[in-house]
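Read through the structure below, which is laid out as structure tokens, and then see the notes.
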Amino acid sequence: MINWENNIAQIAIPTPFPVGDINAYLIKGDALTLVDTGTKIPATKEVIQAGLKELDLEMSDIDQILLTHHHPDHVGGVEFFSSDIPLLGHAENEFWFNMTQEKMDKYEKFFVDLAKDMGVPNDFINQIGSLKNSLKLGCNRSITHALKEGDSVPGLPGWTVYETPGHAGTHIVLLREEDGALIGGDLLLQHVSPNPIIEPPLTEGESRPKAQLLLNASLRRLLQMPIQSVYAGHGEVIREPEALIHKRLASQHNRAMKVKDMLNEKPTTVFGICQQLFPKVYKQQFPLTISETLAQLDYLEDLREIKGEETEHGIVYSVK
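In the working numbering, the protein residues as written are 10 to 329.
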């Protein structure tokens, strides 16, 4: 049963990804706003229509769509709405939408080069194709109203935008300070830690973003905000966000220390650590597990706990 809670209603939309359902949110304001939309599969449209019907609404009643970040499970359903509907989100979403062959070639080259540095065998480098396939479930629209840090959300008085990169470089959250409601996207989830996804630099010549460091900084930012409830992109509403944030940060640190212990026993590559961290699933979920592994090594390097040495088999890490 879908109901309004403080002018917010949740619609859970199935996805073809291991993460399961994605939560889209309707927010009442001067403009009826849909936050996130699911993937570009037929079931998405059916579930959105059914959810709206429970609220005596139709898709044509939606005044605008706002995207928390560019991942396909959050943006693909945009394609089921009129092309005239305003689309709000971070300006850098544009890199991921309307993917041209030129951008895809650069995207692939980045991952191939990085995979070699990580010591990834050729058989796994070929899995980069699965990343391309997931992008096809995204959308081919353009942001019509770019949102940045500190902006008020058009049509939603009282809601403020905060940039929270880490899980995605385009990630934003929305805070309604009067009651501490946060539309949190995938920044904080009740039952799992958001994956710090590897992304290429959007400006040629820049360094690769260190997703785990960005994610940790974004989580710590939440601790400075007057948050009471987090309406998360997956799972239930989080009612005790402060305790969960501390838990997530501590858990990530402990995992990194486990990686340090592995390197203390035997120096190895990112791929070698990935095999040890995820022995049962790294083959089936390679893009996610290698992202998580690289994240822990980035974190340890930032703490100056480890060092990397270039070899013919990739960068080999060891404890300082």
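Virtual Cβ for every residue (Gly too), placed ideally from N, Cα, C. As the structure is a computational prediction, the values presented were derived from the model and not from experiment.
- By the criterion of a C-beta distance shorter than 8 Å, Y291 is surrounded in its chain by C283, Q284, T298, I299, once the five residues flanking it on both sides are discounted.
- R264: member of the alpha helix (DSSP H) spanning 250-274, first to last residue.
- G194 is a Cβ neighbour of V182, given a cutoff of 8 Å.
- A straight-line Cα-Cα distance of about 8 Å links M10 and E63.
- Boundaries around R229 are those of the alpha helix (DSSP H), 220-232, since no beta strand (DSSP E) includes it.
- F133 and K49 have their C-alpha atoms roughly 26 Å apart.
- By the beta-carbon neighbour count (other beta carbons within 10 angstroms, threshold 16), D188 is exposed.
- Annotation for V56: the continuous alpha helix (DSSP H) segment containing it runs 51-63.
- If you draw a straight line from the Cα of A18 to the Cα of K275, it is about 51 Å long.
- Beyond the five residues adjoining it in sequence on each side, G244 comes within less than 6 Å, by CB distance, of L198, Q199, H200 in the same chain, given in chain order.
- Here the alpha carbons of M266 and E314 stand approximately 9 Å from one another.
- Between the alpha carbons of T24 and T302 lies a gap of roughly 25 Å.
- Ranked by Cα distance from T320, the first of V279, A304, D307, F287 is V279.
- Linking Q261 to Y308 through their CA atoms gives a straight-line distance of about 9 Å.
- DSSP places T320 inside the beta strand (DSSP E), whose first and last residues are 315-320.
- Rounded to whole angstroms, the separation of the alpha carbons of N273 and I57 is 51 Å.
- Out of G178, A52, M113, I74, the CA that lies nearest to the CA of L41 is found in I74.
- According to the DSSP secondary-structure assignment, G175 is paired through a beta bridge with no residue.
- Runs of beta strand (DSSP E) with 3 or more residues, each lying fully within the region 133-170, are found at 154-156, listed in chain order.
- Rounded to the nearest whole angstrom, the C-alpha separation of S227 and C148 is 26 Å.
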